[in-house]
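In my numbering, the protein residues as written are 11 to 299.
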């Protein structure tokens with residue numbers, strides 16, 4: 011049996027805040043005060059990791075979790091958070107903040123790998139935060155789509171999923187999403203058009219790591235870093251010893267959360283589009299072999 015702590019109340023090692031704001035204001039908050047806040051907390055060694063997700067319940071908000079180095083630094087962390095959240099409130103970027111109990115999703119991510127999953131959430135949150143601070147408004151939607159495709163390929167690659175298995179995985183995920191939507195013919199055509207329009211750039215990015223001219227630096231910005239790869243290796247080792255959750259289910263959950271962070275709205279629709287494109291891409295890659 012694993013002695014895993016399943017929830018954290020305020021004052022324990024995980025702090026959990028809900029920050030209510032509009033969907034576009036969320037990006038302004040992330041690019042501004044939240045980026046400054048997490049950089050400060052990490053630099054002062056008050057936290058060692060953090061992560062965010064976008065959520066509606068039903069009002070849109072950011073869910074922020076901060077992992078304290080030690081509960082002895084709680085007051086310092088609260089003071090820093092209050093300062094930056096006050097700035098966001100005064101500027102009307104956000105309008106409400108609440109504190110909640112953090113319930114870990116051990117059933118979804120595995121009791122023996124939940125800590126590593128949280129580490130991956132941290133690395134992905136950092137990457138996406140850097141990304142949204144860099145992407146130009148002119149190519150915003152395309153850049154987010156390309157970055158998401160790159161991250162799907164990266165996750166499958168780092169988890170050592172072979173090409174044919176990767177294709178089978180994205181195909182199954184595409185069909186699963188398709189069954190949840192009543193896709194009209196015009197929407198199917200639109201999805202196909204998006205792939206055909208960007209096919210050359212997608213293939214160059216995913217096979218050779220070459221950025222489209224209008225998205226220079228994207229590959230370097232969103233690729234897995236050394237610490238992230240190290241965490242994935244630990245998950246794979248633990249999975250060999252004791253598999254609480256099937257590895258492809260874990261991968262699907264990580265991809266789902268990556269896309270949630272990347273897009274401001276319609277995340278499920280974008281996830282469906284990403285799996286459609288990756289299904290076409292992997293079929294192309296297999297045909298080329």
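Built from N, CA and C at the ideal position, the CB exists for glycine as well.
_Contact the stretch 283–296 vs the stretch 37–47: 3+ CB pairs below 8 Å_ = Verdict: no, contact absent.
*asked:* With a threshold of 8 Å (Cβ to nearest heavy atom), would residue 278 be considered close to the ligand HEM?
replied: Absence of the ligand HEM is noted for the structure shown, with no ligands found whatsoever.
*asked:* Would residue 137 and residue 128 qualify as a contact pair, given that the criterion is a beta-carbon distance under 9 Å?
replied: With contacts defined by Cβ atoms closer than 9 Å, residue 137 and residue 128 do not form a contacting pair.
*Report yes if the C-beta distance between residue 81 and residue 21 is below 9 Å; otherwise report no.*
A contact, by the Cβ cut-off of 9 Å.
*Leaving out five residues on either side along the sequence, give the residues of the same chain with a beta carbon under 8 Å from the beta carbon of residue 39.*
Annotation for residue 39: 29, 31, 72, 98, 103, 104 place their beta carbon closer than 8 Å to its own, counting only its chain and skipping 5 residues before and after.
_Let me check one thing: in DSSP terms, what residues is residue 107 bridge-paired to?_
Residue 107 is bridged to 29.
*On the three-state DSSP scale, how would you describe residue 203?*
Helix at residue 203.
*Can you tell me where the alpha helix (DSSP H) with residue 282 in it begins and where it stops?*
Here the alpha helix (DSSP H) through residue 282 covers 277–298.
*What is the rounded straight-line gap between the Cα of residue 49 and the Cα of residue 298?*
So the two alpha carbons sit approximately 44 Å from each other.
*Counting pairs of Cβ atoms below 8 Å between the stretch 213–229 and the stretch 149–161, do you hit three or more?*
Judged by pairs of C-beta atoms under 8 Å, the stretch 213–229 touches the stretch 149–161, as three or more such pairs exist.
*asked:* By alpha-carbon positions, which one of 261, 59, 85, 33 ends up nearest to residue 68?
replied: Minimum Cα-Cα distance from residue 68 among the listed residues 261, 59, 85, 33 corresponds to 33.
*For the alpha helix (DSSP H) that residue 140 lies in, which residues bound it at each end?*
That run of the alpha helix (DSSP H) goes 124–144.
*Let me know if residue 241 comes out buried or exposed under the rule of 16 or more other beta-carbons within 10 Å of its beta-carbon.*
Buried, because 16 or more other Cβ atoms sit within 10 Å of the Cβ of residue 241.
*Helix, strand or coil: how does DSSP classify residue 78 here?*
Of the three classes helix, strand and coil, the one that applies to residue 78 here is strand, per DSSP.
_Pairwise C-alpha distance: residue 210 and residue 101_ = In a straight line, the C-alpha of residue 101 is about 43 Å away from that of residue 210.
*Alpha carbon to alpha carbon, how far is residue 130 from residue 264?*
So the two alpha carbons sit approximately 8 Å from each other.
*Who are the near neighbours of residue 270 in its chain, counting only those whose CB is closer than 6 Å to its CB and skipping five residues on each side?*
Closer than 6 Å at the Cβ level, and outside the excluded window around residue 270, lie 63, 64, 277.
_Going by C-alpha to C-alpha distance, which of 126, 122, 25 sits closest to residue 237?_
When each option's Cα is compared against that of residue 237, the closest is 126.
_Just to confirm my understanding: we take residue 233, look at its own chain, exclude 5 residues before and 5 after, and list those with CB closer than 8 Å. What are they?_
Contacts found: 160, 164, 219.
*Anyone know if the C-beta pair for residue 169 and residue 261 falls short of 9 Å?*
With contacts defined by Cβ atoms closer than 9 Å, residue 169 and residue 261 form a contacting pair.
*asked:* I believe residue 87 touches residue 76 by the beta-carbon criterion, under 8 Å. Please report the beta-carbon distance rounded to the nearest angstrom.
replied: Yes, they are in contact, since the Cβ atoms of residue 87 and residue 76 sit about 7 Å apart, within 8 Å.
_Considering only the alpha carbon of each residue, which of 178, 118, 70 lies closest to residue 266?_
Taking residue 266 as reference, the option from 178, 118, 70 with the minimal CA-CA separation is 118.
*Under the three-state reduction of DSSP, which class applies to residue 72: helix, strand or coil?*
Residue 72 falls in the strand class under three-state DSSP.
*Mind checking residue 108: buried by the 16 CB within 10 Å criterion, or exposed?*
Note on residue 108: under 16 other CB atoms within 10 angstroms of its CB, so exposed under the neighbour-count rule.
*Of all the options 249, 257, 124, which has the alpha carbon lying nearest to the alpha carbon of residue 179?*
Per the Cα distances, 257.
*asked:* Give me, in chain order, the residues of the same chain whose beta-carbon lies closer than 6 Å to that of residue 133; leave out the 5 immediate sequence neighbours on both sides.
replied: So the list reads 238, once near-sequence residues are dropped.
_In DSSP terms, what residue 119 is bridged to_ = For residue 119, DSSP records no beta bridge to any residue.
*Local conformation of residue 58 per DSSP, three classes*: It is a strand residue.
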